[in-house]
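Below is one structure, written out as structure tokens; the observations come after it.
Chains as they are written, first to last, in the working numbering: chain A, 7 to 166; chain B, 825 to 1126.
Structure (structure tokens):
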């Protein structure tokens, strides 16, 4: 069976998935999102994590095999025309492909997965602000509960 | 006096103030970078004004026997001089290096004093001695009174009816007064800022040397000798951007300038983008468009 392998990164350096199947790609995006939101809840998020929040799935650079997957078909056609003018059409097509449907499917599948986890979120295609807000709020609540529980535990242990 | 934008004016504005090979600058904000110059020169002083519409960062080594004095021309200008806030009350003085970054549109006056000419024309004047014996290190002085006077005078020189030859007798004493007051009003960079600035400059140099490589925060952290979180704080304090965001902007600016001076017939955009570390052409194209308001091919064909 010919299974497509995906790589994904944010920015030019931060790979969080390398040559993984589609299901694993979805898992990695969810993991990256959760880590980003938790980091943000304590004001310790990195630029790449903020990029995901600000840009949603469009902030992700996704590669299918060796090909960069373009979300914007119109921009892809423009770049392809340019490649034709430069007479490097074949080379361009070897490393690039337009697949807006892929991003739509990814968005749909991620929304489903988040719904199963109890988070209702609008489309994640252009930003993840609503989802981050929910996750950050939960992280803050959980931290507050953990702090209160720790104080109680220490007081219990130290009481004579 | 000339006003406008041309390479000749740019050259005249920079004059021989800086060592050409040391001059590094990059556009950091979205928009079409446009800079207008106005230049007036009469030995030993060269006055220039630069009005730019997009924030940038720049650094350079001052040429031997030159003294460079910078004053903000429009109060709305927001800038950092060696990482410290630089506003309309500030006068920046340097005889060694210059490091400046700006946010949004703004404008500066730059005054370059040729020390050899200064000594030849006003050999024994106390003002000349003050100017040429000022410290070699870059300084930032908060001097609202002299900054306002200088701004008014330089504006008259460049845009009014007063030729520089007539007023440089006024400019030199004013500059000398500003330099003299620097001891009392100088902002000595704190050790923290110095350390941050050193780390940022080391990273900047490393970024420029490794533009095509996959750089991570960890690499930059090792280069600077700072922990990741401290490095992020340092970059945000000095440049206003996080290290990886800054790197991305530096790379986009690099592509933009490379395409601007490339040979249309033999240059391939994909090659230039790859050379600057961009591998996902879809992202590169949209980021480039967002930054410069045009596609890479439009820049190339311009």
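We put the CB at the ideal spot given by N, CA and C, even for glycine. Source: prediction; values computed, not measured.
Counting along the chain, the unbroken alpha helix (DSSP H) around residue 1054/B starts and ends at 1052-1062.
Three or more beta-carbon pairs separated by less than 8 Å link the stretch 847-856 of chain B to the stretch 1063-1073 of chain B, which places the two stretches in contact.
Separation of residue 65/A and residue 1020/B (C-alpha to C-alpha, rounded to the nearest whole angstrom) is 29 Å. Residue pairing from DSSP places residue 70/A in a beta bridge opposite 12/A, 73/A. Between residue 74/A and residue 102/A, the beta carbon gap of about 5 Å places them in contact (Cβ cut-off 8 Å). DSSP places residue 867/B in the coil class of the three-state scheme, outside both helix and strand. Considering only 1112/B, 868/B, 838/B, the residue with the shortest C-alpha distance to residue 884/B is 838/B.
Using a 10 angstroms sphere on the CB of residue 20/A, the tally of other CB atoms reaches 16 or more, which defines it as buried.
Within a 10 Å sphere around the beta-carbon of residue 983/B sit fewer than 16 other beta-carbons, which makes this residue exposed.
The shortest CA-to-CA distance from residue 870/B to any of 1005/B, 1041/B, 953/B, 890/B is the one to 890/B.
When DSSP states are grouped into helix, strand and coil, residue 852/B belongs to the coil group.
Identification of residues in the stretch 18-37 of chain A having a C-beta nearer than 8 Å to some C-beta of chain B yields 18, 19, 20, given in sequence order. Of all residues in the stretch 1040-1058 of chain B, the ones placed with a Cβ closer than 9 Å to any Cβ belonging to chain A are 1040, 1041, 1043, 1052, 1053, 1056, in chain order.
Taking a C-beta distance under 9 Å as the contact criterion, residue 996/B and residue 942/B qualify as a contact pair.
By the rule that beta-carbons nearer than 9 Å mark a contact, residue 108/A does not touch chain B. Its Cα nearest to that of residue 106/A, the residue 70/A stands out among 97/A, 120/A, 70/A. Put simply, the CB of residue 854/B is far from chain A, with every gap to its CB atoms at 9 Å or more. Separation of residue 930/B and residue 914/B (C-alpha to C-alpha, rounded to the nearest whole angstrom) is 15 Å.
When DSSP states are grouped into helix, strand and coil, residue 20/A belongs to the strand group. Flagged as an interface residue toward chain A: residue 1068/B, by a C-beta distance shorter than 9 Å. Contact between residue 63/A and residue 131/A is confirmed by a C-beta separation of about 5 Å, below the 8 Å threshold. Per the C-alpha coordinates, the member of 1045/B, 963/B, 1036/B, 970/B positioned closest to residue 904/B is 963/B. Contact of residue 1116/B with chain A by beta-carbon distance below 8 Å is absent, the smallest such distance being about 15 Å. Around residue 25/A, the same chain offers 11, 13 as residues with beta carbons nearer than 7 Å, after the five sequence neighbours per side are excluded. Interface annotation, residue 1071/B: in contact with chain A, CB-CB separation under 9 Å. Around residue 1104/B, the beta-carbon contacts reaching into chain A at under 9 Å are 15, 18, 67, 68, 69, 74, 75, 76, 102. Along the stretch 91-127 of chain A, the alpha helix (DSSP H) occurs as fully enclosed runs of 4 or more residues at 95-101, 106-122, listed in sequence order. If you draw a straight line from the Cα of residue 1042/B to the Cα of residue 886/B, it is about 33 Å long.
Secondary structure of residue 922/B (DSSP, three-state): strand.
Counted as a single uninterrupted DSSP element, the alpha helix (DSSP H) harbouring residue 149/A occupies residues 135-164. The residues 903, 910, 911, 912, 914, 930, 931, 932, 933, 971, 975, in chain order, have a CB closer than 8 Å to that of residue 896/B in the same chain once the five nearest residues on each side in sequence are set aside. The count of Cβ pairs closer than 8 Å, one atom from the stretch 1044-1061 of chain B and one from the stretch 1023-1030 of chain B, reaches three, so the stretches are in contact. Residue 104/A is positioned such that its CB atom lies closer than 9 Å to that of residue 78/A.
Boundaries of the alpha helix (DSSP H) harbouring residue 53/A: 53-61, taken from the DSSP string. Under a criterion of Cβ atoms nearer than 7 Å, the residues of chain A adjacent to residue 1121/B are, in order, 88.
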